[in-house]
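Numbering of the sequence shown is given in my numbering, commencing with residue 5 and proceeding in unit increments.
Data block below; observations after.
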Amino acid sequence: MGLAIRNKRFPEISMVDIIIACYAGYILFNSFFIRPLPVTNLFLLKFLSVCLIYISIRMMTDKQQRTGSLSIAIIGTLEAVLVILQNYGWVESEHLLFNCTGSFFNPSLAGGFLACSFCISVYLLIITRICFKKICLFISGVLQINALVLTHSRAGWIAAIIGLCYLLWHTDSIVIQRSKAFIKKSLIVQCIIIGIAIIAAISAYQYKKASADGRLFIWGICLDMSKDKLITGHGTGMFREKFPNYQAAFFMQNPDSDNVDYAGNPLYPFNEYLSVLVTQGLIGVAFLILIVNSLSFHSSSKGVRQQRAFLLTWGIFACFSYPMAHYRLMILLPFLIALLPIKSRILRNHLGLWTKIIILGVIISGIYVGISGILTYSKLEKAYNKHERISQELYNDIKYDLTLLNHYYNSIANKLPACEEFYLLKEYVELYPSSYGLCELGRRYKSRKLFSRAKECFIFAYHINPSLIVPQYELFLLYREEKNMNQMVAIGERILHQPVKQENTISIKIKTEVRKILRDHLTKNMVTK
């Protein structure tokens with residue numbers, strides 16, 4: 005047993021480790037003291053999982069780390085096979101609207117994982133000397149790049165291309181070295197490459213222009229959000245709760261904006277760096293810059309520079325998507341960071357007391373939070389089977405987790421007395437405002453004859469997402485019930501002339517009903533005159 009312990013490689017603390025530890029401490033501080041809502045066990049479990057993965061990879065030997073990289077390449081290959089099978093209709097997709105999602109619920113996330121695993125596969129192909137392994141890795145790379153194309157993930161494509169170019173740029177291949185020398189000497193070639201990059205960027209933008217414009221709109225709102233709490237941010241994980249209010253404020257100030265079609269209730273800002281700015285402020289961004297600087301801008305071997313391509317791929321993908329929202333892409337980040345060998349050790353202590361204390365503390369905390377979370381969700385599962393026994397104490401534990409609150413509301417709302425159900429809906433909307441939730445709350449106010457409160461809900465719902473026709477229809481019906489015919493006619497005309505993202509049964513029925521009511525109103529006025 006003593007021999008086994010001696011063979012283990014305990015982490016040698018470096019400047020990067022210290023910066024990451026300080027950043028982790030700031031995230032906890034931000035979560036407990038800046039975030040206005042209580043921290044959930046699920047968040048703590050994710051946080052500690054990332055810490056444990058980072059420490060575990062740093063403790064691995066070089067051989068074990070290569071095995072870990074190979075494991076990701078194998079998983080990426082299996083993911084690619086699944087995507088290809090979904091493309092031929094032999095396996096059902098995880099999403100109703102997209103055919104190729106792999107084991108993810110969204111093709112973009114599948115594209116991000118495939119981009120990272122593809123770069124790792126190419127790296128292993130370059131350093132491997134065994135012919136059979138080279139053939140297997142080549143086949144793996146072909147499958148992954150084919151699957152990446154099938155996902156139609158622009159973020160994945162861009163990340164894979166940039167990561168691959170960076171990786172190849174730092175190889176010792178004679179062809180690559182000659183190409184590098186030629187590119188450095190020829191200004192014309194450099195201009196051609198820049199031109200190709202610009203054309204590729206424009207093409208990627210035009211490929212799904214509406215989606216790209218939607219992201220640009222969300223990013224603009226994020227910048228407005230960051231201005232209010234520039235230093236510390238709004239609190240870790242608070243994007244979803246705060247975004248609707250800022251979107252509503254934008255449309256109140258810009259009622260004729262062309263961005264109406266891009267309004268919605270996004271769960272993520274589609275940019276992890278903007279997410280950090282919004283939720284953790286400039287302090288969080290400063291930590292990211294320090295980490296990137298420590299990992300990137302110091303002398304290192306060729307192998308280390310090649311391995312940076314993995315982290316670069318993940319980082320580019322994070323510019324256009326939300327990898328931290330899915331556990332597989334989330335745990336990939338600490339793996340890729342810890343994978344990079346760091347020469348600038350500031351403390352060489354293979355089995356130091358503080359190292360063991362830190363590792364033991366993280367492990368014990370993870371076990372405690374994990375057991376606590378499992379017990380909480382076990383209680384919740386039992387509560388789902390016995391709706392009438394769900395206690396207020398359990399509700400207070402889950403209401404700050406949007407996913408759990410969704411399940412809770414959908415499961416028991418219709419079984420509660422009307423008064424309790426109303427207050428549950430009200431608290432739901434206050435915590436997580438959305439156009440649909442506000443419309444439902446407005447209907448409840450209207451049924452109680454609280455027309456002014458109902459009107460506030462419908463107007464707020466409209467400003468959150470002016471492209472939706474339902475909030476305006478609810479306002480139309482409210483004005484009709486109040487006998488406010490002038491406002492009713494004005495709203496009705498706006499509904500009839502408003503373009504809809506996609507005509508469906510609901511919008512057609514609403515416009516038909518509005519047209520009929522306006523016609524009857526006009527006929528009645530003519531008869532009266």
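The C-beta atom is built at its ideal place from N, Cα and C for all residues, glycine as well.
- Pairwise C-beta distances place the segment 182-201 out of contact with the segment 249-268, as fewer than three of them are shorter than 8 Å.
- In this structure, leucine 435 sits away from leucine 445, with a CB-CB distance that is not shorter than 8 Å.
- Setting aside the 5 residues that flank it on each side, isoleucine 225 is surrounded in the same chain by Phe247, Tyr250, Gln251, Phe254, each with a C-beta closer than 7 Å to its C-beta; the list follows chain order.
- Within the segment 88-114, no alpha helix (DSSP H) run of at least 4 residues lies entirely inside it.
- Sixteen is the threshold: when 16 or more other Cβ atoms of the shown chains lie within 10 Å of the Cβ of alanine 465, as they do, the residue is buried.
- In the three-state reduction of the DSSP assignment, lysine 515 falls in the helix class, which pools H, G and I.
- Looking at Ala342, Phe462, Ala205, Leu152, the one whose alpha-carbon comes closest to that of tyrosine 440 is Phe462.
- Using a C-beta cut-off of 8 Å, the segment 45-64 makes no contact with the segment 310-323, since fewer than three inter-stretch Cβ pairs fall below that distance.
- In the DSSP annotation of this structure, the continuous segment of the alpha helix (DSSP H) that includes isoleucine 59 starts and ends at 45-63.
- Minimum Cα-Cα distance from leucine 299 among the listed residues Ala201, Ala342, Ala77, Asn258 corresponds to Ala342.
- For the pair phenylalanine 243 and proline 273, the CB atoms are nearer than the 8 Å cut-off.
- Exclusion of the five residues before and after valine 282 leaves Cys226, Met229, Ser230, Gly237, His238, Phe243, Pro273 as the residues of its chain whose Cβ lies within less than 7 Å of its Cβ.
- Annotation for glycine 496: the continuous alpha helix (DSSP H) segment containing it runs 489-501.
- Beta-carbon to beta-carbon, valine 308 and leucine 337 are separated by about 18 Å, too far to satisfy the 8 Å threshold.
- DSSP places methionine 229 within a helical segment (H, G or I) once states are collapsed to three.
- According to the DSSP assignment, lysine 246 belongs to the alpha helix (DSSP H) that extends over 243-257.
- With a contact defined as Cβ atoms closer than 8 Å, proline 437 and isoleucine 468 qualify at about 7 Å.
- Inter-residue distance for leucine 454 and glycine 80 is about 56 Å (C-alpha atoms, whole angstroms).
- With fewer than 16 other Cβ atoms from the protein chains shown falling within 10 Å of its own Cβ, threonine 509 counts as exposed.
- For leucine 472, no alpha helix (DSSP H) segment is defined, and its DSSP state is neither H nor E.
- DSSP places asparagine 150 in the uninterrupted alpha helix (DSSP H) bounded by 135-154.
- The residue from Gly72, Ile124, Tyr432, Met256 with its alpha-carbon nearest to that of asparagine 410 is Tyr432.
- Shown here for tyrosine 404: same chain residues with a beta carbon closer than 7 Å to its own, the five before and five after excluded, namely Leu41, Pro42, Thr44 in chain order.
- With a beta-carbon spacing of about 6 Å, isoleucine 473 and isoleucine 499 fall inside the 8 Å limit used to define contacts.
- For glycine 72, the closest of Leu271, Phe339, Tyr449, Lys520 by C-alpha to C-alpha distance is Phe339.
- One alpha carbon belongs to isoleucine 514, the other to serine 157, and they sit about 35 Å apart.
- Straight across, the Cα-Cα distance linking serine 279 with glycine 288 is about 10 Å.
- The residues Asp217, Gly218, Phe221, in chain order, have a CB closer than 7 Å to that of tyrosine 266 in the same chain once the five nearest residues on each side in sequence are set aside.
- Asparagine 269 sits in coil when the DSSP states are folded into three classes, being neither helix nor strand.
- In this structure, cysteine 123 lies near threonine 317, with their beta-carbon atoms less than 8 Å apart.
- Lysine 213 and serine 97 have their C-alpha atoms spaced approximately 24 Å apart.
- Burial check for tryptophan 161: the Cβ neighbour count within 10 Å reaches 16 or more, so the residue is buried.
- Per DSSP, reduced to three states, the secondary structure at serine 279 is helical.
- Valine 153 and serine 18 have their C-alpha atoms spaced approximately 39 Å apart.
- Every unbroken stretch of the alpha helix (DSSP H) spanning 4 or more residues and falling wholly within the segment 420-456 is given here in chain order: 422-435, 439-451.
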